[in-house]
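Chains as they are written, first to last, in the working numbering: chain A, 1 to 116; chain B, 1001 to 1114. Note that beta-carbon positions come from the ideal geometry of N, C-alpha and C, so glycine has one too. Structure first, then comments.
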């Protein structure tokens, strides 16, 4: 079954304690991205990756890092989390960028982070 | 930079009634346009997208949208809604050349009442 798997689904942690949210896809997709969803703001793209070792900033990259060492994995790293990073996070993947062809983006089920 | 405005944050309608969810975008370059749906406690699913060609785009679940370049709009419509259409709907834009970023609108919560 085609899947984008995020872990953890829920996390409550404290300011400054480094955390990583993992994202893995089993579809051999090249394009992966991370979004945060906040009430009244919709989804905002944090980072995206066109392929292994190719990453680029989205609209709200501050405070986040990503890596793409393997095609299937695209972890999101918060080196020093702060309360304003409390949000619902989604990872997504697709064969290519969303504009290409008719292939859809597959989204994970989301990770709810609370930074105290 | 691109931006998207969804004009209604909430839209309540009765079952079997028609619905239109409005989306306007702003961009200095040509763009591609998308509608996504998010059911409760789930990720997003692509409903439809406009890349080029016919300005009327048909998607899944009976939805369609019309690209209007002069009005910079991409409104989503369905002639008869069902309870199962209750969800949040997001309009998104991506420039046709350059950075491969998706920019989303704020979302419209569609509630279908029996």
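Cβ neighbour criterion (16 or more within 10 Å) applied to residue i
{"i": "residue 18 (chain A)", "result": "exposed"}
{"i": "residue 29 (chain A)", "result": "buried"}
{"i": "residue 1010 (chain B)", "result": "exposed"}
{"i": "residue 45 (chain A)", "result": "buried"}
{"i": "residue 1049 (chain B)", "result": "buried"}
{"i": "residue 1001 (chain B)", "result": "exposed"}
{"i": "residue 94 (chain A)", "result": "buried"}
{"i": "residue 1071 (chain B)", "result": "exposed"}
{"i": "residue 52 (chain A)", "result": "exposed"}
{"i": "residue 1055 (chain B)", "result": "exposed"}
{"i": "residue 3 (chain A)", "result": "exposed"}
{"i": "residue 1014 (chain B)", "result": "exposed"}
Residue i versus residue j: straight-line alpha-carbon distance, rounded
{"i": "residue 64 (chain A)", "j": "residue 41 (chain A)", "result": "18 Å"}
{"i": "residue 1092 (chain B)", "j": "residue 80 (chain A)", "result": "30 Å"}
{"i": "residue 114 (chain A)", "j": "residue 77 (chain A)", "result": "15 Å"}
{"i": "residue 111 (chain A)", "j": "residue 56 (chain A)", "result": "21 Å"}
{"i": "residue 1112 (chain B)", "j": "residue 1105 (chain B)", "result": "21 Å"}
{"i": "residue 54 (chain A)", "j": "residue 1044 (chain B)", "result": "24 Å"}
{"i": "residue 1037 (chain B)", "j": "residue 1088 (chain B)", "result": "6 Å"}
{"i": "residue 1077 (chain B)", "j": "residue 15 (chain A)", "result": "44 Å"}
{"i": "residue 1032 (chain B)", "j": "residue 92 (chain A)", "result": "18 Å"}
{"i": "residue 1047 (chain B)", "j": "residue 1094 (chain B)", "result": "16 Å"}
{"i": "residue 116 (chain A)", "j": "residue 1024 (chain B)", "result": "36 Å"}
{"i": "residue 24 (chain A)", "j": "residue 75 (chain A)", "result": "8 Å"}
{"i": "residue 1012 (chain B)", "j": "residue 26 (chain A)", "result": "38 Å"}
{"i": "residue 11 (chain A)", "j": "residue 89 (chain A)", "result": "11 Å"}
{"i": "residue 1101 (chain B)", "j": "residue 48 (chain A)", "result": "8 Å"}
{"i": "residue 62 (chain A)", "j": "residue 1029 (chain B)", "result": "26 Å"}
{"i": "residue 97 (chain A)", "j": "residue 1097 (chain B)", "result": "11 Å"}
{"i": "residue 43 (chain A)", "j": "residue 1020 (chain B)", "result": "21 Å"}
{"i": "residue 1017 (chain B)", "j": "residue 6 (chain A)", "result": "37 Å"}
Residue(s) in a DSSP beta bridge with residue i
{"i": "residue 48 (chain A)", "result": "A:33 and A:56"}
{"i": "residue 8 (chain A)", "result": "DSSP lists no partner for residue 8 (chain A)."}
{"i": "residue 1093 (chain B)", "result": "B:1033 and B:1103"}
{"i": "residue 1065 (chain B)", "result": "B:1057 and B:1076"}
{"i": "residue 42 (chain A)", "result": "A:38"}
{"i": "residue 89 (chain A)", "result": "A:36 and A:111"}
{"i": "residue 1048 (chain B)", "result": "B:1035"}
Within-7 Å CB hit, residue i to chain C
{"i": "residue 1097 (chain B)", "result": "Looking for chain C here will not work: the only protein chains present are A and B."}
Extent of the continuous beta strand (DSSP E) run through residue i
{"i": "residue 1038 (chain B)", "result": "1031-1038"}
{"i": "residue 1111 (chain B)", "result": "1108-1113"}
{"i": "residue 1041 (chain B)", "result": "Counting along the chain, residue 1041 (chain B) falls outside any beta strand (DSSP E), and DSSP gives it neither H nor E."}
{"i": "residue 1013 (chain B)", "result": "1010-1014"}
{"i": "residue 1078 (chain B)", "result": "1073-1078"}
{"i": "residue 112 (chain A)", "result": "111-115"}
{"i": "residue 1020 (chain B)", "result": "1019-1021"}
Tell me which residues of the segment 1102-1114 of chain B have at least one Cβ-Cβ distance to chain A shorter than 8 Å, keeping chain order. Closer than 8 Å at the C-beta level to chain A, one finds these residues of the segment 1102-1114 of chain B: 1102, 1103, 1104, 1105, 1106 and 1107.
Contact residues within the segment 44-74 of chain A, judged by C-beta distance below 8 Å to chain B: Cβ contacts with chain B come from 44, 45, 48, 50, 56, 58 and 59.
Going along the segment 24-45 of chain A in order, which residues come within less than 8 Å of chain B, judged by CB to CB distance? If the cut-off is 8 Å between Cβ atoms, the segment 24-45 of chain A has 31, 33, 35, 40, 41, 42, 43, 44 and 45 near chain B.
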